[in-house]
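Novice:
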Amino acid sequence: VADDRRGAAAAVTKWLVGYSDRISVRPSETVSFMTSAVGIEHYTVDIVRVICGEDDPAGPGCNMPVVASNIAGRVPARSQPIHRGSHGRVSGIQLPQKLAEAFTLGVFVYPTSPGRGRQSLIAIVDHGGTDCINLYLDSSGALVASWRDANGSASSISTDTPLLAHGWYLASLTWDAREQRMTLVQTRRAAVNAPRAAHASVLTHSAPHFPTAADVLFATAAGPANREHFNGKLDTPALFGEGIHAQELQQLFEDPAVSSKHGAIVSMWDFSLHIPTDRVVDIAGNAPDGRLFNLPTRAVTGWLWNGEEHHWRKRPGHYRAIHFHDDDLYDAGWEVDFKFKVPESWPSGVYAAHLSSEGIEEHLPFVVRPATRNRRPSVAFLFPDASYMAYANFLEHTKYPDWFEPFLGRLIELSSTECALLEHPELDGCLYSMHSDGSGVHYSSRLRPILNMRPKYRSAVGGDGCGAWQFKADTHILAWLHRIGVEHDVLCDEDLDREGLEALDGYQVLITGTHPEYVSARMRAAHEGFLARGGRLMYLGGNGFYLKVAYDELHPGMVELRRGESGSRAWASRTGEYHHAFGPSSSALGGMWRTSGAAPNTLLGVGFTAQGFDSCAAYERKPGSYDARARFIFAGIGNQVFGDFGLSGGGAAGLEIDRAEIALGTPAHALVLASSTGQSPNYLIAAEEILEMHPFTSGDVSDQVRADLVFYECSGGGAVFSTGSIAWSAALSHNSYDNDVARITENTLRRFMSAEPFKLP
Amino acid sequence: MGRYQVTTEDGAHAEEFMRNPLGRHSPGLRRVEIALRSEPRAGHLVLVCTRPWREWRIGRLPEKPGDPVQLESVCYTSKESAEREVFARRWLTTVGEPLPQ
């Protein structure tokens, strides 16, 4: 028994994963698929329509008919790597000969994990890829400079004093050929408790050799990808053609606009320029524009930041830094393995490339929008890809099991997919994760395999039961629409962000997913515009419209998140870094929509109030459900209590839940139709609801821990129906779809589909 | 007082758990569960689903990223049985005595 309890490695021997270049295509357009595999030789590909991705034996059953068979023959399987780690590169910079006589290379450095391996700050590299000069932190965290002479012999010098994490240092390397002296200095930015400056100086006959044309690398060393990445911030790297004392250098860094006209300037990169891009610019005008890779974080505080301004556009000089991480990733960049052209005749819907081989399978979902010339049905489902990206490969329950398991109230259950993910940390990282240096992950992309955006995926946070969460939970809505025979189109968050309200032209009813938590400004504006022109919104979820994200046209398939000073947060943005770098109105304040004066209640009638991941509860009808305005919703409902069933935690109300609150913007005329009762003690109230500490925070003692079912009419003839519960969708199929939850939802949908406008009471 | 220390005096709560490992529990058992379920990450016991919806095994989380889950050989056909087994083990480790029969 003792031996068995040590366990045996459950190593994954077969692995087949992939992603598509586009998440949303129209008929006659082509989608490309990239894959990587281990332990198999070939695989075959079918295209399936994803109607229901639930394989719980207690549920309605998977429904994913094959709509195109064997589209690519036997596709050879191959392994494709993922190279994480952000960095910058300036290619083809012309270096003046005078550098051989004297130079100063300087940069402000804010290390976040010094001492964890060698980390390159700046490397000057010849065309053969060899480091000529490299300024780096060694495995102890001390500053080191290495260089090569004309014969290629390497020399180095070290301060032998580790930099401390989370402090600004000026690092400078100075060469004086007359004295044959190389000097390296690290100076902690002035603070009452700052350590003394450390420096090293050597007489050397090994004169550094500069090529006439070189590349300059930031936060990585020359050589293969994934090499010596730096964790931390760099601010205003600069190269001068003379020896400059560290004190004078610091003064030069205070105003780069002036310093860039210094007589000895060679290059100076002001990272506050072009923040919403991958460009880095030499303000001395000597170097061509450089490029950033793998989305390091811009719009972050620099060494001059003093708390007076939190908005990077208003005082860019305080935001001249870039935060690099050794685990940043934007685009896996895999080669294409097969393509698929969507037939002209295909209806809009959720589809997937189904890959199978030797007992393993993979689904790569994509959305087909309607052909532009097609007549549109009146109903559209909004495929919440922003929220899928936010949760991409979510593994936080395995990182913090010491609080996750008590929160779940049961053992953490891992599927084979999660076990495989644990063995592939290169796929880790979503908007709930922290980087290896402890800072929050601000960017998540779908240009990499997202293994929880799959049918049949059972999530640990999906409640005790079927574990439906995000993609799989949303297929319960698609399955229900299919069951009741309502024709509908599907479009994506990123379509709505790109096209705005126009994307909703022709639709009368918009149905959300179960947890559309992450919403861009343009998405939100499109929803408001839709309601204003008479649209009807069915919010069949919980904790929706909670956090702001930004898409960026230069980085398709990516969303940016900043977390502000309030809200339920997996991490907090660092002070002064609350404003987005990207987005159509880049520099917008990030964080909760609520802190931007647009609480979810103002749109949905309800807003996030609590979460718990064990059991789910039933709803009890409230007086609003007997109001004549709501008669159509409750037609045929005889029970006072409903929704005491469902595949997620045994109830329709649960996981993440919302309540009506007029003070937060719920319209005064909104009808609270029903409220959940008896959420478990593991349901805890949202952090932003707590000002002074008090004991009324859990489902067994707080009135605020409840899901409200709400309906209200809009002035333009539209209306909103909100369930305020993620678990609602997994209750739809109960008793073969013959139940009160399905009936209420269908009653609402049928009325919402009618042309008759709603009137304000 | 600090973190709650589970002792033999919590025997009645253990009995309640063994009767009904999953579901709504008394406040006293909930306090015991919070203490026992919050074991550290390294070697944290988890449930690994080895046949979807039908079979589970007890596993341990790996100590560092990239390492596989360590899996025991005993299969459970109900999650409740695995919950009882893990509770009993954690009780023994924490209290220093086997779970009262």
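Residue numbers (the working numbering), protein chains in the order written: chain A, 1 to 761; chain B, 762 to 862.
No residue lacks a Cβ here, since even glycine has one placed at the ideal position from N, Cα and C.
For S416/A, report the span of its alpha helix (DSSP H) as first-last.
Specialist: It spans S416 to L422 - the alpha helix (DSSP H) in which S416/A sits, taken as one unbroken run.
Novice: Assign M453/A to buried or exposed, taking buried as 16 or more other Cβ atoms, counted over all protein chains shown, within 10 Å of its Cβ.
Specialist: The residue in question, M453/A, is buried, as its Cβ has 16 or more Cβ neighbours within 10 Å.
Novice: Give a yes or no on whether the minimum CB-CB distance between W269/A and chain B is below 8 Å.
Specialist: No, no contact with chain B.
Novice: Since R792/B is in the alpha helix (DSSP H), which residue starts that stretch and which ends it?
Specialist: Looking at the DSSP string, the run of the alpha helix (DSSP H) that includes R792/B is P788 to R798.
Novice: Please classify T748/A: is it buried, with 16 or more other beta-carbons within 10 angstroms of its beta-carbon, or exposed?
Specialist: Classification for T748/A: buried.
Novice: Just reading off the alpha helix (DSSP H) that K399/A is part of, what are its end residues?
Specialist: Segment E396 to K399, the alpha helix (DSSP H) holding K399/A.
Novice: Is there at least one Cβ from chain B nearer than 8 Å to A473/A's Cβ?
Specialist: Cβ-Cβ to chain B under 8 Å: no for A473/A.
Novice: Under 8 Å between C-beta atoms, does E54/A make it to chain B?
Specialist: Not closer than 8 Å to any Cβ of chain B, the Cβ of E54/A fails to qualify, so no.
Novice: Can you name the residues of chain B whose CB is closer than 7 Å to the CB of T398/A?
Specialist: Per Cβ cutoff of 7 Å: L822.
Novice: Any beta carbon from chain A within less than 8 Å of P859/B's own beta carbon?
Specialist: So, not an interface residue.
Novice: Quick one: what does DSSP say Q119/A is sitting in, helix, strand or coil?
Specialist: Q119/A falls in the strand class under three-state DSSP.
Novice: What residue range does the alpha helix (DSSP H) around H42/A cover?
Specialist: First-last for H42/A: H42 to R49, but that is the beta strand (DSSP E), not the alpha helix (DSSP H).
Novice: On a CA-only basis, which of R621/A, A197/A, D149/A and S615/A is nearest A674/A? Give me that one, please.
Specialist: Among R621/A, A197/A, D149/A and S615/A, the Cα nearest to that of A674/A belongs to R621/A.
Novice: Helix, strand or coil: which one does DSSP assign to R743/A?
Specialist: Of the three classes helix, strand and coil, the one that applies to R743/A here is helix, per DSSP.
Novice: Please decide whether H774/B counts as near chain A, where near means a Cβ-Cβ distance under 8 Å.
Specialist: Not an interface residue.
Novice: Is P836/B close to chain A, meaning its C-beta is less than 8 Å from at least one C-beta of that chain?
Specialist: The identity of residue 836/B in the sequence shown is Cys, whereas the question assumes Pro. It does not: the Cβ of C836/B has no partner Cβ on chain A nearer than 8 Å.
Novice: Which parts of the region 155 to 196 of chain A are runs of the alpha helix (DSSP H), unbroken and 4 residues or longer, counting only runs that do not cross its ends?
Specialist: Runs found: none.
Novice: My output table needs one value for F711/A: the three-state DSSP class, helix, strand or coil.
Specialist: Reduced to three states, the DSSP call for F711/A is strand.
Novice: Please report how far the alpha carbon of T417/A lies from the alpha carbon of T13/A, in whole angstroms.
Specialist: If you take the alpha carbons of T417/A and T13/A, they lie about 12 Å apart.
Novice: Would a C-beta distance cut-off of 8 Å place R582/A and P316/A closer than the cut-off?
Specialist: Before going on, a small fix: residue 582/A reads as Phe here, not Arg. Result no, Cβ atoms of F582/A and P316/A do not sit closer than 8 Å.
Novice: Spell out the partners DSSP gives S36/A in its beta bridges.
Specialist: Beta-bridge pairing links S36/A to V17/A.
Novice: Label S568/A either buried or exposed according to how many other C-beta atoms from any shown protein chain fall within 10 Å of its C-beta, with 16 as the threshold for buried.
Specialist: So S568/A ends up on the buried side.
Novice: Whose C-alpha, out of F530/A, F324/A, G409/A and E413/A, is nearest the C-alpha of G438/A?
Specialist: Answer by Cα proximity: F324/A.
Novice: Can you have a look at F696/A and say buried or exposed, based on whether 16 or more other CB atoms are within 10 angstroms of its CB?
Specialist: With fewer than 16 other Cβ atoms within 10 Å, it is exposed.
Novice: Cα-Cα, which of H734/A, Y539/A and F758/A is closest to F632/A?
Specialist: Minimum Cα distance to F632/A is reached at F758/A.
Novice: With distances taken from CA atoms, which of V50/A, L137/A and D385/A is nearest R22/A?
Specialist: The candidate whose alpha carbon is nearest that of R22/A is D385/A.
Novice: For the pair the region 241 to 250 of chain A and the region 211 to 230 of chain A, tell me if three or more CB-CB distances fall below 8 Å.
Specialist: In short, these stretches do not touch, since the Cβ pair count stays below three.
Novice: Within 10 angstroms of its Cβ, does H42/A collect 16 or more other Cβ (buried), or is it exposed?
Specialist: Under this definition H42/A is an exposed residue.
Novice: What alpha helix (DSSP H) runs, 4 residues minimum, are completely inside the region 428 to 487 of chain A?
Specialist: Runs of the alpha helix (DSSP H) inside the region 428 to 487 of chain A: 471 to 484.
Novice: Flag this pair as yes or no: are the beta carbons of L173/A and L184/A separated by less than 8 Å?
Specialist: Yes; because the gap between Cβ atoms is below 8 Å, this pair is in contact.
Novice: Residues of chain B with CB closer than 9 Å to the CB of D464/A, please, in chain order.
Specialist: Those are L783, G784 and K840, listed as they occur along chain B.
Novice: Taking Cβ-Cβ distances shorter than 9 Å, what residues in chain B pair up with D428/A?
Specialist: Simply P826.
Novice: Chain A partners of Q831/B, CB-CB under 8 Å?
Specialist: Within 8 Å Cβ-Cβ: R6, G7, A8, A9 and A10.
Novice: What residues of chain A sit near E843/B, judged by a beta carbon separation below 7 Å?
Specialist: The question names Glu, but residue 843/B is Ala in the sequence shown. Residues of chain A passing the Cβ test: L411.
Novice: Could you tell me which chain B residues have their CB closer than 7 Å to the CB of W403/A, listed as they occur along the chain?
Specialist: Those within 7 Å of W403/A in chain B are S799.
Novice: Give the secondary structure of W147/A by DSSP, where H, G and I count as helix, E and B as strand, and everything else as coil.
Specialist: The answer is strand: DSSP assigns W147/A an E or B state.
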